[in-house]
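With the working numbering applied, the sequence shown covers 47 to 195.
Glycine residues also receive a C-beta, built at the ideal position from the N, C-alpha and C atoms.
Values in this document were obtained by computation on a predicted structure and should not be read as measured data.
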Amino acid sequence: MEKQLVVFQLANEFYGVDIFSVASIIEKQDIIAVPRSPEYVEGVTNLRGMVLPVIDLRKRFGLPENEETKETRIIVVELDDLTVGMTVDAVSQVLRIDDEEIEPPSPIVTTIDSAFIVGIAKTEERLIIALDLQKVMASEEQAELQAIA
């Protein structure tokens with residue numbers, strides 16, 4: 047079976063999320079910090095009249111911070127009842143890939159923190175880490191974000 051992944055970049059690595067969970071991709075815009083929110087939460091922004099919580103995926107994954115560029119984007123995703131924005135370094139493409147081209151992650155690189163990795167997609171150009179967005183944000187974290195919004 048074929049999947050479509052929205053491929054984005056974080057710290058020189060490529061990640062993919064199922065296109066069906068992506069509502070839109072927008073340019074980085076003003077974000078208002080929310081006091082006492084988790085470290086990976088950048089704050090909230092106004093998206094077409096809706097208060098949208100925005101998380102920094104670099105911080106969520108424990109990656110070093112990076113300067114914002116003109117390529118920085120916010121991927122707006124739907125997680126159950128929650129709409130959330132995720133800041134990424136760049137969005138590169140929408141990729142069609144067969145399920146057979148996605149290998150499960152090796153137990154050597156899989157930890158509790160990487161439980162959100164579905165597998166590694168192999169293309170001719172690169173390897174893409176396929177993510178399960180439901181697992182990127184645990185249910186408690188989704189509830190915290192719902193409260194912020």
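(request) Might you give, ordered along the chain, the residues of its own chain that have their beta carbon closer than 7 angstroms to the beta carbon of A69, omitting 5 neighbours on each side? (result) Scanning its chain for C-beta atoms nearer than 7 angstroms, with the 5 sequence neighbours on each side dropped, one finds around A69 the residues V122, V123, E124 and T129, in chain order.
(message) If distances are taken between C-alpha atoms only, which option among D102, Y61, V63 and D127 comes closest to Y86?
(response) Residue D102 is the option with its Cα nearest to Y86.
(message) Short of 7 angstroms in beta carbon distance, which residues of its chain neighbour L179, apart from the five on each side in sequence? Order them along the chain.
(response) Once the five neighbours on either side are set aside, the close Cβ partners of L179 are V63, S67, V123 and L125.
(request) May I ask you to report which of helix, strand or coil DSSP gives F54? (result) F54: strand per DSSP, three-state reduction.
(message) Let me check understanding here. Comparing Cα to Cα, which of I77, M183, I120 and P151 lies closest to A176?
(response) The alpha carbon of A176 has as its nearest neighbour, out of I77, M183, I120 and P151, the alpha carbon of P151.
(request) Assign F162 to one of three DSSP states: helix, strand, or coil. (result) Assigned with DSSP and collapsed to three states, F162 falls in coil, not helix or strand.
(request) Please state whether DSSP places A193 in a helix, a strand or coil. (result) Helix, per DSSP.
(request) Have a look at the DSSP bridge pairing and note the partners of K143. (result) At residue 143 the sequence reads Ile, which differs from the Lys that was named. Beta-bridge pairing by DSSP links I143 to K49.
(message) Can you look up S67 in the DSSP assignment and give me helix, strand or coil?
(response) Of the three classes helix, strand and coil, the one that applies to S67 here is helix, per DSSP.
(message) Buried or exposed, going by whether 16 or more other CB atoms sit within 10 Å of the CB of R119?
(response) Classification of R119: buried, given that the 10 Å Cβ count is 16 or more.
(request) Please state whether DSSP places N116 in a helix, a strand or coil. (result) In the sequence as presented, Asn is not what sits at residue 116; that position holds Lys. In the three-state reduction of the DSSP assignment, K116 falls in the coil class.
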